[in-house]
Every structure is written in structure tokens, then in C-alpha cells.
Amino acid sequence: MDMIYGISKSKDILLSSISEALNEKTKKAYVIDRLSDKLSCELDDNIDKNYCNTVIDSSGESPVFIIDDSDVVKLLGSKFEDLGIVRDGSSKNKTYEKGYHVTEIVGLTKNKKQPISMFSKVHSSVSKEYVSANSITFEGLNRIITILQEKNKKGIFVNDRGYDNNEIFKYYFKQKQNFIIRLKENRKVYKDHKWYKITTIRDSRKGKVHMKLFFQGEEQVIYR
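Sequential numbering of the sequence shown, starting at 667, is according to our numbering.
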């Protein structure tokens, strides 16, 4: 309860800000230690499930989910637990730096412009418990798809080219979900009894595919 009250009052998630908002008579360092005791624990399963249920209920009959991997870079870090090496996506030269991987799944709702987070996990490949990036992705997808199946719904899962691998394809087919994956340029596809590079298929359709989108308050036609 202290954590919820502190976040609401301070409008911040930093422990230092939360402890100040609580305005307790004890030393600030002691309050921060007390608040941080439970941070390593996952949310109660019922809380997490109820939260995901609420988001899915507000997302319409064909819920859309976006899956993406990013990174948190700690350039000056040296004492952080399980500090690994990541490719800094925000740097000009995409250099490798000290940091962590982040897997995020967000849901789109009918009435809100901003997507809503449904799964967010910071992970490191040097952690003893680490298996693979796919295992983290499947953990988040399983959480959402289990609820969809309880509601007899199918989601539309949108993935960038980092998810163009056979294990991801097999997973979606097994779960009987709809999905969109941006393919890598070296991917080949089988069409009309022949193999084609995906770039050949792409170029043959360039400018021929059009659709209507609602953008900045107006309906517009776009061509791809």
C-alpha cells in the first residue's frame, strides 16, 4: 500500500521520490531499503491476470499486440548484477555496450492512442538462469494467449524482423494465432511450386498494394 500511495502522490516510480512522498519520520535510506525488499518478487499471478484481462477486454474483437526487443545501456555501470553486452540501438553506429535486453509486448485499445504494456522484462544473456531470447518472448506470449483462449479470441501479433525465425513461426501456428512478421531480406518463400527470394515478391508488388488508414484525424489512402 505504501508503494501505491507513494507512486500516486509523487507521480514517479523512483524509490527516492516514493520515499519522500511517504514523508515518514525515519531516515530516507531506511525507507528505500524497506520498499526495495520485495522488488525482486514477481507480481501475484492473479493481479497480473486481472490486469491483462482488462487490457484485452478494451481491445475489441480482434486484439492487436506488438512485440519488440530493445535495450537498456549502462555505459558507466560496473557493479550491476548480470551486466551483459547489448547492441545500442540508439547510437549512430549501433555499437556494442554494457547493458541489458528488454522484451516488451504492448496491446492496442479501441479508445486510447497510446499502446498499453502487457509484458515487460529486462534480461541478460550472462544470467545463470538465462535460456534464450525466444524463451523470454514465449513467456510473455503464453501469458496473453492463455487469456485469449479462455475468451475464445484470436489475437493479431505484430513482430519486427528480429522475430523472423522458424521457432517463432512454429509457435504461432501451434497456438493457432494470427501474426504479422517483417521478414529479413535473405528469407526465401515457396510460391506456385517455386522458391523465391522475399525481395523478389516484395518488388513485384511495390506500388500495387493500397489501403485506407485513419491518420491524424483524416482517412488517407497509402500505397506500398
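We put the CB at the ideal spot given by N, CA and C, even for glycine.
Judged by DSSP secondary structure, V824 falls within the beta strand (DSSP E) whose first and last residues are I822 to N825.
According to the DSSP secondary-structure assignment, G883 is paired through a beta bridge with no residue. A direct Cα-Cα distance of roughly 20 Å separates G821 from N832. For K878, same chain residues with a beta-carbon under 6 Å away, outside a window of 5 residues either side, are E885 and V887 in chain order. Taking the Cα of F881 as reference, the smallest distance to any Cα among N800, K779, Q841 and V788 is reached at K779.
Leaving aside the five residues that flank G750 on each side, the residues in its chain whose CB is nearer than 6 Å to its CB run, in chain order, S790, S791 and V792. Relative to the Cα of I782, the nearest Cα in the group E686, P729, G873 and T692 belongs to P729. Between the alpha carbons of L688 and V738 lies a distance of about 29 Å. Beyond the five residues adjoining it in sequence on each side, K819 comes within less than 7 Å, by CB distance, of P729 in the same chain, given in chain order.
Distance from the CA of S682 to the CA of I698, rounded to the nearest whole angstrom, comes to 7 Å. No Cβ-Cβ contact shorter than 9 Å links I732 with V768.
Between K787 and G806, the CB-CB gap stays under 9 Å. Separation of the CB atoms of K854 and K842 is rounded to 25 Å, and the pair is thereby denied contact status at 8 Å. Within the stretch 788-843, the complete alpha helix (DSSP H) runs of at least 4 residues fall at 799-816 and 832-841. Relative to the Cα of R753, the nearest Cα in the group G883, K740 and S702 belongs to K740.
For V721, the enclosing alpha helix (DSSP H) covers residues D711 to D723. Assigned with DSSP and collapsed to three states, D754 falls in coil, not helix or strand. Setting aside the 5 residues that flank it on each side, G743 is surrounded in the same chain by L749 and K764, each with a C-beta closer than 7 Å to its C-beta; the list follows chain order. In the structure shown, M669 falls within a helical segment according to DSSP collapsed to helix, strand and coil.
For T865, no pairing in a beta bridge is given by DSSP. Where K854 is concerned, the enclosing beta strand (DSSP E) starts and stops at K854 to K857.
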